[in-house]
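Quick note, the sequence shown lines up with residues 2 to 308 if you use my numbering.
This report refers to the structure that appears directly beneath it.
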Amino acid sequence: MLRLSVIIPVVRTLARLEDTLVSVLEHKPDDCDVIVVLDEAYSDPYNLAGEVTFLSAGPGTSLSRAINLGLGLSKTPLVHVLPSGSCVHCGWAEAAIHHFRDSRIGAVVPVTLDAQNPDRILAAGMGYDRAGQLVYLQRGVSVRETQLCHRTQVLPHFSGAIFRTASLQALHGADESLGDRWVLADLTLRLLRIGSVTVLEPRCLVSSDPVTEPSAVGFAAARDAEAFFWRWRDRRSSTFARHLALLTREIWSAVSQRQAWPSMAGRIAGLTRCSQNNHRPADQFPEKMNGKSTVSPELGIPVARAG
2 MLRLSVIIPV VRTLARLEDT LVSVLEHKPD DCDVIVVLDE AYSDPYNLAG EVTFLSAGPG
62 TSLSRAINLG LGLSKTPLVH VLPSGSCVHC GWAEAAIHHF RDSRIGAVVP VTLDAQNPDR
122 ILAAGMGYDR AGQLVYLQRG VSVRETQLCH RTQVLPHFSG AIFRTASLQA LHGADESLGD
182 RWVLADLTLR LLRIGSVTVL EPRCLVSSDP VTEPSAVGFA AARDAEAFFW RWRDRRSSTF
242 ARHLALLTRE IWSAVSQRQA WPSMAGRIAG LTRCSQNNHR PADQFPEKMN GKSTVSPELG
302 IPVARAG
């Protein structure tokens, strides 16, 4: 019986698909199938159709749409969302799967190594600052010189995570209104909101090239970031001050890239989108979960602390 489906969304990353496929087919356990969701035609030069399910989603497919299409094909209790361009390491699945014996676990987050510098951590999971930005945990740290722990309440890097299928189905999948940069963070935050637990698994290793990450610069990136902030903002007055400071730094930084006006316009568009959709603050997270606080005193939502 299959236990795990690897869903590989190909969203403007077809050139890197074969690296991802080679790593998965080499290291996957026997009880695992592979689903590739394509946003453009793929010739399958290695005749993998017998081992891999290819689904054509069409041009312009978003990451969230690709994830949902893959979920629709999956028949397994666990799914690994592994965007094209990310590569798994030996033993990655076995290290993650045992966590799901605990019914509270909704997702296992891999440690992502920098493909350009394999001895360095790109992200040991992510946090979310209530000012409105994703935070890379332990970025740049030598993987050989640090001891990682099973940190809980952590968000995944853009290179993906392993999810309990039933948990994603309870959320009705990924929200297709979100920009690609925010899809996995939103999925995980919604899991936390319904009481699931996420955990970092240090032995579950994935490599990813930073150049494949969704852009954080430009009109669309600013629009999506602003919409996400209002989607998940808390009710404290200091939140808005910190968000304003973040916007100031962002626009100042964008000047050197000639992206100041697109950034400002994108932020306004994101705010307008939220106003039109009547987005209200997300429900408050439970302050306690199994006797342990899940909310950082510094942040308004569950995040992982670095270190």
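Ideal Cβ positions, reconstructed from N, Cα and C, are used throughout, including at glycine.
All values derive from a computational prediction rather than experimental measurement.
Buried/exposed call for residue i, threshold 16 Cβ in 10 Å
i: Ile310; result: The structure shown has nothing for residue 310, since the chain only spans 2 to 308.
i: Trp183; result: buried
i: Val304; result: In this prediction, Val304 scores a pLDDT of 44, lower than 50, which makes its location untrustworthy; the coordinate-derived value is nonetheless stated afterwards. Classification for Val304: buried.
i: Tyr47; result: exposed
i: Ser65; result: buried
i: Gln1; result: This structure does not reach residue 1, given that the chain is present from 2 up to 308, and the question cannot be answered.
i: Val227; result: Going by the sequence as given, residue 227 is Glu instead of Val. That one is buried.
i: Gly107; result: buried
i: Cys150; result: exposed
Range covered by the alpha helix (DSSP H) that runs through residue i
i: Glu227; result: 220-233
i: Thr189; result: 184-194
i: Asp20; result: 18-28
i: Glu214; result: Counting along the chain, Glu214 falls outside any alpha helix (DSSP H), and DSSP gives it neither H nor E.
i: Ala97; result: 93-98
Candidates the options: closest to residue i by CA position
i: Asp115; options: Val136, Arg232, Asp40, Val142; result: Val142
i: Ala261; options: Thr213, Arg13, Ile252; result: Ile252
i: Pro84; options: Val53, Leu169, Leu15; result: Leu15
i: Pro10; options: Leu3, Leu70, Pro78; result: Leu70
i: Leu309; options: Ala50, Ser264, Leu247; result: This structure gives no information on residue 309, because the portion of the chain shown stretches from 2 to 308.
i: Leu187; options: Arg232, Gly267, Ala94; result: Position check: residue 187 holds Asp in this sequence, whereas Leu was assumed. Of the listed residues, the one whose Cα sits closest to Asp187 is Arg232.
i: Ser75; options: Ala270, Val89, Thr62, Val53; result: Val53
i: Leu179; options: Thr199, Gly196, Phe230; result: Phe230
i: Thr113; options: Leu56, Gln134, Gly92, Pro203; result: Pro203
i: Pro119; options: Arg268, Ser57, Ser209; result: Ser209
i: Val200; options: Gln134, Ser168, Gly126, Ile269; result: Gly126
i: Leu79; options: Glu19, Arg152, Asp32; result: Asp32
i: Ser90; options: Asp235, Gly73, Cys205; result: Residue 90 is actually His in this sequence, not Ser. For the residues Asp235, Gly73, Cys205, the minimum Cα distance to His90 belongs to Cys205.
i: Arg152; options: Glu177, Ala58, Ala124; result: Ala124
Sheet register partners of residue i (DSSP bridge)
i: Glu202; result: Pro111
i: Leu64; result: Leu64 is not bridged to any residue.
i: Thr147; result: BP columns for Thr147 are empty, so no partner.
i: Gln134; result: Asp130
i: Arg121; result: Ser143
i: Val35; result: Val7, Val53
Endpoints, the beta strand (DSSP E) within which residue i is located
i: Phe164; result: 162-165
i: His81; result: 79-82
i: Leu247; result: Not the beta strand (DSSP E): Leu247 falls in the alpha helix (DSSP H), residues 238-256.
Where residue i sits in the DSSP three-state scheme
i: Cys275; result: helix
i: Gln285; result: Confidence at Gln285 is low in this model, with a pLDDT of 37, below 50, so the placement of that residue is unreliable and no value is reported for it.
i: Pro10; result: strand
i: Met127; result: strand
i: Asp103; result: coil
i: Ser178; result: coil
i: Leu172; result: coil
i: Ser208; result: strand
i: Ser44; result: coil
Residue i CB to nearest heavy atom of the ligand NAP below 7 Å
i: Val110; result: You won't find the ligand NAP in this model; it holds no ligand whatsoever.
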